[in-house]
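So in the UniProt record's numbering, spot 314 of the sequence shown is number 314, and the numbers just go up one at a time. Scroll down for the structure; my scribbles are underneath it.
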Amino acid sequence: MLTQLSVQNFAIVRFLELDLHAGMTTITGETGAGKSIAIDALGLCLGNRAEAGMVRQGADKTEITAQFDISDNTHAQLWLKQNELLSDEECILRRVVTKEGRSKAYINGTAVPLAQLKSLGQYLVSIHGQHAHQLLLKPSQQLAIVDQYAAHPQLITEVKQAYQAWKGLCNEKELAEQQQNELVAQRQLLEYQVKELDEFALQNGEYQEIEQQHQCLSHSTELQQTSYQLSQLLGQDEQMNITDMLGQACKSISHLLELDPKLEVISNLIHDAHIQVEEATSQLSHYSEQLDFDPELFAELEARLGQALELARKHHTSPEQLPELHQNLQQQLNELSQQSERFEHLSEDIDKAWQDYLEKAQKLSKSRERAAKALGKLITKEIHKLSMAKAQCEFALQSDAQQFTNANGIDRVELLVRTNPGQAMQAIEKVASGGELSRIGLAIQVICSASILTPTLIFDEVDVGISGPTAAVVGSMLRQLGKQCQVLCVTHLPQVAGHGHQQMLVSKQQKKNETITQMQNLSSEQRLSELARLLAGDAITPSALANARELLIED
């Protein structure tokens, strides 16, 4: 629950520090005094939108700090643990807004994004504003009320996930259908290109080999003549050749080596040269013998080279890159084929996803139907206490997978009301007056809040349009709720204020050129005076005090 709220330089508040307790706390004050200002400040601390105008005139920044006891709040503890922000059994939220409109948020001293502040806030406080009953006129809110009472978040999540899966597949198919003609043309082109390259079947490195072989055949005559001449020069000319000359050199250097050992290195070089030349002569002779011009092979090579060059030109690449291009085009064709196969199976997948969604949505519908019946009876019972003794409420649930399919299921909920016997049940916006709408809305808020049991519930002038005995019943309802959780209630009705376990007074003072709002806890005697003021105005009479004493409920 909320244990302390500290407000600095917010709107017309210079400094305010409230120590709050369990039970029902009522907040009263003169019109225009700023009774809702603490609620607005708390809302800012829970993640509401910040504006520069919230900073008190003349101040650099506003700072709001809210301290909560979460020792019994398992949901908040789990959230803090999952986000690595858990600190003992307390939780401190802080929000700072500068006069330029910049905002910072903190949880237990750690700076956090605003979204985290909002996410945690839902487990700490639930605020019901004075215009909340107007939302009852919206079908979406009526459905939300049934879901809130039913308390089936897991079912709602499953339906949303199933809907998103089904919708995602439908969107995928729609996009695929739009692209189908383009993909068919692209696939046909790839099939032609891959088939052409398949038939040519050029392997990695093959073009270089063909090119080299073609060059050899093109110059076969020159190779034969020159290699023959070279082999003669090296060793096969009987009159003079390098091999014989090196042989003579070897003999001469061997003789000199006997005279001077320092010539050993030179001797080795000459002998090595002799051996190398002999080896070269042998291999060159063998090479020359193998050379044979093959016209058919030459024609085949020339044709393959020409085809490779033509394909390379067609695909804007080099002949050496054709094997890699071939592989890439084949991969693209495979991917397109997979897309085509995926498209063929999409309809089947969509049907399966739809059946999954429908099954989960129907399960949610049944849960809603049970909750709607029970909630209608409870609301009827509560509004009978609120001077609507003959009224009846019920939630009409219509389930239709063709009309209402969305992420929230296949249901449409309509809140029907009958305010007088003999009338037909009609939509609430057609039947209920402003006061009746307020009472029905309040009954729903109390019932749903009790079912959710958020640790702290705030009612900000939700009793507008209610007076007399009905107001006393509202006060009693809120006091009963205060026994289950912490309730803060901003009210202008003494019948409601008198039911609080505690009461705070909001006052506004003029100091020099500024207006300052203050709040104070009231003692029992002070509460009597405040209730009497609410009853009779500023002129408090003994009769008003006596009436106030009757209204003040003390355990």
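Note that beta-carbon positions come from the ideal geometry of N, C-alpha and C, so glycine has one too.
Inset, instruction - Indicate the three-state DSSP secondary structure (helix, strand or coil) for K138 in the structure shown. - result: Locating residue 138 in the sequence shown gives position 138, where the first residue counts as 1. The answer is coil: DSSP assigns K138 none of H, G, I, E or B.
Inset, instruction - Could you give the DSSP three-state label for V506: helix, strand or coil? - result: Counting from one through the sequence shown, the residue named residue 506 turns up at place 506. Strand, per DSSP.
Legend entry - C-beta contact flag for E63 and V125 at 9 Å: Locating residue 63 in the sequence shown gives position 63, where the first residue counts as 1. Locating residue 125 in the sequence shown gives position 125, where the first residue counts as 1. With a cutoff of 9 Å on beta-carbon distance, E63 and V125 are scored as not near each other.
Legend entry - Status (buried if at least 16 other CB within 10 Å, exposed otherwise) for S71: For this step, residue 71 is matched to residue 71 along the sequence shown. Counting the other Cβ atoms within 10 Å of the Cβ of S71 gives fewer than 16, which makes it exposed.
Inset, instruction - Please state if the CB of A52 and the CB of F10 are separated by a distance shorter than 9 Å. - result: Within the sequence shown, residue 10 is the residue found at index 10, counting from 1. Within the sequence shown, residue 52 is the residue found at index 52, counting from 1. No, they are not a contact pair.
Legend entry - Range covered by the beta strand (DSSP E) that runs through I458: The residue labelled residue 458 in the question sits at position 458 within the sequence shown. I458 -> beta strand (DSSP E) spans T456 to D460.
Legend entry - Whether L415 touches S449 by CB criterion (9 Å): If you number the sequence shown from 1, residue 415 lands on position 415. If you number the sequence shown from 1, residue 449 lands on position 449. Not closer than 9 Å, so no.
Inset, instruction - Under the assumption that F265 contacts L246 (Cβ atoms under 8 Å), give the Cβ distance between them as a whole number of angstroms. - result: As a first step, residue 265 must be located in the sequence shown, where it is residue number 265. As a first step, residue 246 must be located in the sequence shown, where it is residue number 246. According to the sequence provided, residue 265 is Val. The question's Phe does not apply to it. No, V265 and L246 are not in contact; Cβ-Cβ is about 17 Å, not under 8 Å.
Legend entry - Integer Cβ distance of F395 from G376, believed to fall under 8 Å: Position 395 of the sequence shown, counted from the first residue, corresponds to residue 395. Position 376 of the sequence shown, counted from the first residue, corresponds to residue 376. Here F395 really is in contact with G376; their C-beta atoms are around 5 Å apart, less than 8 Å.
Inset, instruction - Find out if the Cβ-Cβ distance for the pair L2, A66 is shorter than 9 Å. - result: Counted from its first residue, the sequence shown places residue 2 at position 2. Counted from its first residue, the sequence shown places residue 66 at position 66. The Cβ atoms of L2 and A66 sit closer than 9 Å to each other.
Legend entry - Alpha-carbon spacing of N513 relative to I428, whole angstroms: Counting from one through the sequence shown, the residue named residue 513 turns up at place 513. Counting from one through the sequence shown, the residue named residue 428 turns up at place 428. Computed Cα separation, rounded: 49 Å.
Inset, instruction - Flag this pair as yes or no: are the beta carbons of E382 and I466 separated by less than 9 Å? - result: By one-based count along the sequence shown, residue 382 stands at place 382. By one-based count along the sequence shown, residue 466 stands at place 466. No; because the gap between Cβ atoms is not below 9 Å, this pair is not in contact.
Legend entry - Top-ranked residue by Cα proximity to V506, from Q495, R527, Q486 and S252: As a working mapping, residue 506 is identified with position 506 in the sequence shown. Closest option to V506, judged by alpha-carbon separation, among Q495, R527, Q486 and S252: R527.
Legend entry - Meets three-Cβ-pair contact criterion under 8 Å: the segment 320-338 and the segment 201-208: Touching, per the Cβ criterion.
Inset, instruction - Using alpha carbons as the reference points, say which of G434, L442 and S227 lies closest to L378. - result: Within the sequence shown, residue 378 is the residue found at index 378, counting from 1. Closest option to L378, judged by alpha-carbon separation, among G434, L442 and S227: L442.
Inset, instruction - Could you tell me whether the Cβ atoms of R418 and D400 are closer together than 9 Å? - result: Locating residue 418 in the sequence shown gives position 418, counting from the first residue. Locating residue 400 in the sequence shown gives position 400, counting from the first residue. In this structure, D400 does not lie closer than 9 Å to R418 by Cβ.
Inset, instruction - List the DSSP bridge partners of V487. - result: Counting from 1 along the sequence shown, the entry for residue 487 is found at position 487. DSSP, once it has assigned bridges, lists M24 and L457 as partnering V487.
Legend entry - Span separating the alpha-carbon of P295 from that of L301: Here residue 295 corresponds to residue number 295 of the sequence shown, with the count starting at 1. Here residue 301 corresponds to residue number 301 of the sequence shown, with the count starting at 1. Those two C-alpha atoms are separated by around 10 Å.
Inset, instruction - Compare the beta carbon distance of D60 and T26 with 9 Å and say whether it is the shorter of the two. - result: Start at 1 with the first residue of the sequence shown, and residue 60 comes out as number 60. Start at 1 with the first residue of the sequence shown, and residue 26 comes out as number 26. Their beta carbons are not under 9 Å apart, which means D60 does not touch T26 by this criterion.
Inset, instruction - Give a yes or no on contact between the segment 89-98 and the segment 29-38, applying the rule of three or more CB pairs nearer than 8 Å. - result: Contact between the segment 89-98 and the segment 29-38 is absent: fewer than 3 CB-CB pairs across the two stretches fall below 8 Å.
Inset, instruction - To the nearest angstrom, report how far apart V112 and R549 are at their CA atoms. - result: Position 112 of the sequence shown, counted from the first residue, corresponds to residue 112. Position 549 of the sequence shown, counted from the first residue, corresponds to residue 549. Taking the straight line from one Cα to the other gives about 48 Å.
Inset, instruction - Assuming V496 contacts A471 (C-beta within less than 8 Å), just tell me the rounded distance between them. - result: Reading the sequence shown from its first residue, position 496 is the one you call residue 496. Reading the sequence shown from its first residue, position 471 is the one you call residue 471. The pair is a contact, with the Cβ atoms about 6 Å apart (cut-off 8 Å).
Legend entry - Cβ-Cβ distance between W166 and I350 below 9 Å: The sequence position of residue 166 within the sequence shown is 166, counting from 1. The sequence position of residue 350 within the sequence shown is 350, counting from 1. The answer is yes: Cβ separation under 9 Å.
Legend entry - DSSP beta-bridge partners of G29: Counted from its first residue, the sequence shown places residue 29 at position 29. According to DSSP, which records beta bridges pairwise, G29 is partnered with V506.
Legend entry - Cutoff 8 Å; reference A280; Cβ partners in own chain excluding five residues on either side: Here residue 280 is taken as the residue at index 280 of the sequence shown, counted from 1. Cβ neighbours of A280 within its own chain (closer than 8 Å, five residues either side excluded): L234.
Inset, instruction - Specify the secondary structure class of R102 as computed by DSSP and reduced to three states. - result: To locate residue 102, count along the sequence shown from 1; it is residue 102. Here R102 sits in coil by DSSP.
Legend entry - Cα-Cα separation, M425 to V159: Along the sequence shown, one-based indexing puts residue 425 at 425. Along the sequence shown, one-based indexing puts residue 159 at 159. If I take the Cα positions, the gap works out to 31 Å.
Inset, instruction - Return the chain-ordered list of same chain residues with a C-beta closer than 6 Å to the C-beta of L120, the five sequence neighbours on each side being excluded. - result: Stepping through the sequence shown from its first residue, residue 120 is reached at position 120. The beta carbon of L120 sits closer than 6 Å to those of W79, all from its chain and outside the five residues before and after it, given in chain order.
Legend entry - A353 and L169 closer than 9 Å at C-beta: Your numbering for residue 353 matches position 353 in the sequence shown. Your numbering for residue 169 matches position 169 in the sequence shown. In contact: A353 and L169 (Cβ atoms closer than 9 Å).
Inset, instruction - Could you name the residues of the same chain whose beta carbon sits closer than 8 Å to that of E191, not counting the 5 residues immediately before and after it, in chain order? - result: Counted from its first residue, the sequence shown places residue 191 at position 191. For E191, where only same-chain residues beyond five positions count, the Cβ hits under 8 Å are L333.
Legend entry - Cut-off 6 Å between Cβ atoms - residues of its own chain near L488, not counting five sequence neighbours on either side: For the purposes of this step, residue 488 is taken as the residue at position 488 of the sequence shown. Excluding residues within five positions, the ones whose Cβ falls inside 6 Å are T25 and I458.
Inset, instruction - Following the continuous beta strand (DSSP E) through A548, name the residue where it begins and the one where it ends. - result: Along the sequence shown, read from residue 1 onward, the residue named residue 548 stands at position 548. Run containing A548: none in the beta strand (DSSP E); it sits in the alpha helix (DSSP H), P542 to L551.
Inset, instruction - Consult DSSP for H499 and reduce its assignment to one of helix, strand or coil. - result: Translated into positions along the sequence shown, residue 499 becomes position 499. DSSP places H499 in coil when its eight states are reduced to three.
Legend entry - Proximal residues to L531 (C-beta, below 7 Å), its chain only, five neighbours per side dropped: Here residue 531 refers to the residue found at position 531 when the sequence shown is read from its first residue. Correct list, in chain order: P494, A497, G498, A548, L551 and L552.
Legend entry - Cα-Cα separation between P469 and S387, rounded to whole angstroms: On the sequence shown, residue 469 is found 469 positions in, with the first residue counted as 1. On the sequence shown, residue 387 is found 387 positions in, with the first residue counted as 1. Cα to Cα, the separation comes out at about 8 Å.
Legend entry - Nearest-angstrom Cα separation, counted from G58 out to Q4: One-based indexing of the sequence shown puts residue 4 at position 4. One-based indexing of the sequence shown puts residue 58 at position 58. Going from the Cα of Q4 to the Cα of G58 covers about 26 Å.
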